[in-house]
Amino acid sequence: MSRAKATNVTKEPKEPKRYECLNSECGFISNRTKSIKFPGITFGCCFKCRGKIKEREEWLTWLYEQRERIRKDAIENHGGMIIGRKIN
Numbered sequence: 106m107s108r109a110k111a112t113n114v115t116k117e118p119k120e121p122k123r124y125e126c127l128n129s130e131c132g133f134i135s136n137r138t139k140s141i142k143f144p145g146i147t148f149g150c151c152f153k154c155r156g157k158i159k160e161r162e163e164w165l166t167w168l169y170e171q172r173e174r175i176r177k178d179a180i181e182n183h184g185g186m187i188i189g190r191k192i193n
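Residue numbers for the sequence shown follow this note's numbering, beginning at 106 and rising by one.
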């Protein structure tokens, strides 16, 4: 038996990478971080060079779009309920 592959199925775009290294020589872009732990506080740092990181604008935009899409879907299809709570 052969399985037919669906050709008109739309895939959601992949999640963009979350973090960007602020070190000008490194500039590594990844979802991974390393943690530097001190008593009472933990810092995230670049996985490659251990430099400072920031969240990328592309990832933040993607996150807000996903939240809005889920909220609209809940309003349209589930009577405005997400995990048993009324939204909007």
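Note that beta-carbon positions come from the ideal geometry of N, C-alpha and C, so glycine has one too.
Which residues does DSSP pair with residue i in a beta bridge?
i	result
residue 133	Partner(s): none; residue 133 has no beta bridge.
residue 148	141
residue 175	DSSP, once it has assigned bridges, lists no residue as partnering residue 175.
residue 160	124
Taking the alpha-carbon positions, what's the residue i to residue j distance?
i	j	result
residue 130	residue 162	20 Å
residue 174	residue 168	10 Å
residue 141	residue 153	13 Å
residue 151	residue 122	13 Å
residue 143	residue 181	46 Å
residue 171	residue 133	25 Å
residue 177	residue 184	10 Å
residue 149	residue 179	33 Å
residue 147	residue 165	22 Å
When the Cα of residue i is compared with those of the options, which residue comes out closest?
i	options	result
residue 137	143, 144, 124 and 166	124
residue 126	177, 185 and 160	160
Residue i by DSSP, collapsed to three states: which one?
i	result
residue 122	coil
residue 153	coil
State yes or no: is the beta carbon of residue i nearer than 8 Å to at least one beta carbon in chain B?
i	result
residue 159	Note that chain B does not occur in the displayed structure, where there is just one protein chain.
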